[in-house]
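For reference, the structure is listed below as structure tokens.
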Amino acid sequence: MFEPAFAKINLALHVRRRREDGYHEIETIFAFARDGDAISIDDDGAPGLTLTGDFAGALAGESRDDNLVMRGARMLGAALDRPVPAAIGLTKNLPVAAGIGGGSADAAAVIRLLCRLWDVPIEDPRVDAVARQLGADVPACVVSRTLRGDGRGDDLRPVPSAALSGMPLLLVNPRVPLATGPVFAAWDRIDRGPLADGDPLAAALAGRNDLEPLARGLCPVIGDVVGLLADRPGVLLARMSGSGATCFALFDSAAACEAAANHIAGARPDWWMMRTELR
Ligand code: ATP
């Protein structure tokens, strides 16, 4: 059995308030790429988590039991009283600590896959409770459709997304890992105002990613990535995703997206790129 783990982007991300529990109140628009990592269950596979893919090496030094895929599988098995499959595979195509929800998307994919295997509806409140416990972005990644997220990012509402589905999307990462904690810690606690409701693209265009200047302070090359994307013909929106360092651009045509990818691959062959579409 196989389940894709769709890359997550934040079309906009407003930070409004720091909470007593250390989390931040945010307002965001989640969107998802058609591509990302992949989770599999193979009855004949080696026991434990098998890592493959371009970024498997980035997780090689970490305990496989602590990987969000295994934690998610164990927690869901315990919550639903089911035996967890012995052999789980993770194809790690997305850069790690990159603001595109790699770990959260993987945890969400294992949740969807196990619900399918065990014939449990994804709407089961026990499933939602596990997703929330695994991380603030995990409930959105379980849905993996364009959503408005408030609170920790897990107070979710659907938004009209027909116009976004299929839109050409380019993800670019300068191959510099950036942990989420230090980026939020650099926030100056100034509330720069709410994210608009309604059409998600219009709201995103009128909005911002409040983490972008903070991440650029820690990792200045992010400014080069956004700048290069924003200058390409046919760009509708170029911005950093999540806490970075991955940046994205939405394009008005597949040809414009391809031309931008070719240009950036020529200019910065050392950067990671994924040419895809919004789901
Ligand atoms: P977000 O966009 O949700 O902030 P991110 O892309 O910044 O996520 P992740 O790629 O999820 O961050 O990685 C954060 C850390 O989580 C990694 O440095 C790694 O130690 C740990 N981790 C555990 N499981 C995974 C996984 N399956 N994929 C990536 N990282 C994982």
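Numbering-wise (the numbering used here), the sequence shown opens with residue 163 and increments by one.
Yeah, the Cβ is synthetic: ideal placement off N, Cα and C, and Gly gets one too.
Per DSSP, cross-strand counterpart(s) of Met436: By 1-based counting over the sequence shown, the position of residue 436 is 274. The partner list for Met436 (beta bridge, DSSP) reads Leu333.
Are the stretch 352 to 369 and the stretch 377 to 387 touching, with three or more C-beta to C-beta distances below 8 Å? no
Can at least three beta-carbon pairs, one atom from the stretch 176 to 184 and one from the stretch 195 to 207, be found at a separation below 8 Å? no
Roughly how many angstroms lie between the CA atoms of Leu279 and Gly389, to the nearest whole one? Position 117 of the sequence shown holds residue 279. Position 227 of the sequence shown holds residue 389. Leu279 and Gly389: Cα-Cα distance of roughly 44 Å.
Taking Arg337 as the reference, which of Leu252, Gly210, Phe192 and Leu256 has the closest Cα? Numbered from 1 along the sequence shown, position 175 holds the residue referred to as residue 337. Of the listed residues, the one whose Cα sits closest to Arg337 is Leu256.
The alpha helix (DSSP H) that contains Ala411, what's its start and end? As a first step, residue 411 is located in the sequence shown; it is residue number 249 there, counting from the start. Per DSSP, Ala411 belongs to no alpha helix (DSSP H); it is in the beta strand (DSSP E), Cys409 to Phe413.
If you follow the beta strand (DSSP E) that Ser202 is part of, which residue opens it and which one closes it? As a working mapping, residue 202 is identified with position 40 in the sequence shown. Segment His186 to Ile203, the beta strand (DSSP E) holding Ser202.
Excluding the 5 residues flanking Thr342 on each side, which residues of the same chain have their C-beta closer than 6 Å to its C-beta? What you label residue 342 is simply residue 180 of the sequence shown in a count that begins at 1. Closer than 6 Å at Cβ, skipping near neighbours: Ser405.
Using only alpha-carbon positions, find the residue among Pro166, Glu189, Ala169 and Ala167 that is nearest to Asp372. Working through the sequence shown from its first residue, we reach residue 372 at position 210. For Asp372, the nearest C-alpha among the options comes from Glu189.
Comparing the CB of Val246 with every heavy atom of the ligand ATP, is any distance shorter than 8 Å? Residue numbering aside, residue 246 sits at position 84 when the sequence shown is read from its first letter. No, the beta carbon of Val246 sits no closer than 8 Å to any heavy atom of the ligand ATP.
Beta-carbon gap between Ala407 and Leu332 smaller than 9 Å: For the purposes of this step, residue 407 is identified with residue 245 of the sequence shown, where counting begins at 1. For the purposes of this step, residue 332 is identified with residue 170 of the sequence shown, where counting begins at 1. Not a contact, by the Cβ cut-off of 9 Å.
Straight-line Cα distance separating Gly360 from Thr212: The count along the sequence shown starts at 1 and reaches residue 212 at position 50. The count along the sequence shown starts at 1 and reaches residue 360 at position 198. Computed Cα separation, rounded: 42 Å.
Gly311 - containing beta strand (DSSP E), residue span: For this step, residue 311 is matched to residue 149 along the sequence shown. Where Gly311 is concerned, the enclosing beta strand (DSSP E) stretches over Leu309 to Asp312.
Distance CB(Ala269)-CB(Leu318) smaller than 9 Å: Start at 1 with the first residue of the sequence shown, and residue 269 comes out as number 107. Start at 1 with the first residue of the sequence shown, and residue 318 comes out as number 156. Not in contact: Ala269 and Leu318 (Cβ atoms no closer than 9 Å).
Nearest neighbour of Leu363, chosen from His186, Glu165, Asn172 and Pro166 [CA to CA]: Within the sequence shown, numbered from 1, the residue matching residue 363 stands at position 201. Among His186, Glu165, Asn172 and Pro166, the Cα nearest to that of Leu363 is on Asn172.
Where does Asn424 land, buried or exposed, given buried means 16+ other C-beta within 10 angstroms? Against the sequence shown, residue 424 aligns to sequence position 262. Exposed: under 16 other Cβ atoms inside 10 Å.
Rounded straight-line distance, which links the Cα of Arg401 to that of Asp216: Residue numbering aside, residue 216 sits at position 54 when the sequence shown is read from its first letter. Residue numbering aside, residue 401 sits at position 239 when the sequence shown is read from its first letter. Looking at the two C-alpha atoms, the distance is approximately 24 Å.
Buried or exposed: Ser306, going by 16 or more other Cβ atoms within 10 Å of its Cβ? To locate residue 306, count along the sequence shown from 1; it is residue 144. Buried, because 16 or more other Cβ atoms sit within 10 Å of the Cβ of Ser306.
Do you know whose CA, among Ala302, Ala422, Asp316 and Ala240, lies nearest Glu187's CA? Position 25 of the sequence shown, counted from the start, is the residue given in the question as residue 187. Among Ala302, Ala422, Asp316 and Ala240, the Cα nearest to that of Glu187 is on Asp316.
Quick one: which unbroken beta strand (DSSP E) runs of 3-plus residues sit fully inside the stretch 337 to 362? Chain order, please. none
Go to Pro320, then tell me how far its beta strand (DSSP E) extends in each direction, as first and last residue. Residue 320 sits at position 158 when you count from the first residue of the sequence shown. Asp317 to Pro320 is the span of the beta strand (DSSP E), which, as asked, contains Pro320.
Between the alpha carbons of Gly223 and Phe164, how many angstroms are there, rounded? One-based indexing of the sequence shown puts residue 223 at position 61. One-based indexing of the sequence shown puts residue 164 at position 2. Answer to the nearest angstrom: the Cα atoms are 25 Å apart.
Assign Pro247 to one of two classes, buried (16 or more other C-beta atoms within 10 Å of its C-beta) or exposed (fewer than that). Here residue 247 refers to the residue found at position 85 when the sequence shown is read from its first residue. Per the 10 Å Cβ criterion, buried.
Nearer than 8 Å: is that true of the beta carbon of Leu333 relative to any heavy atom of the ligand ATP? Translated into the one-based positions of the sequence shown, residue 333 becomes position 171. For the ligand ATP, not one heavy atom lies less than 8 Å from the Cβ of Leu333.
Which runs of the beta strand (DSSP E) spanning at least 3 residues fall entirely within the stretch 226 to 253, listed in chain order? 249 to 253
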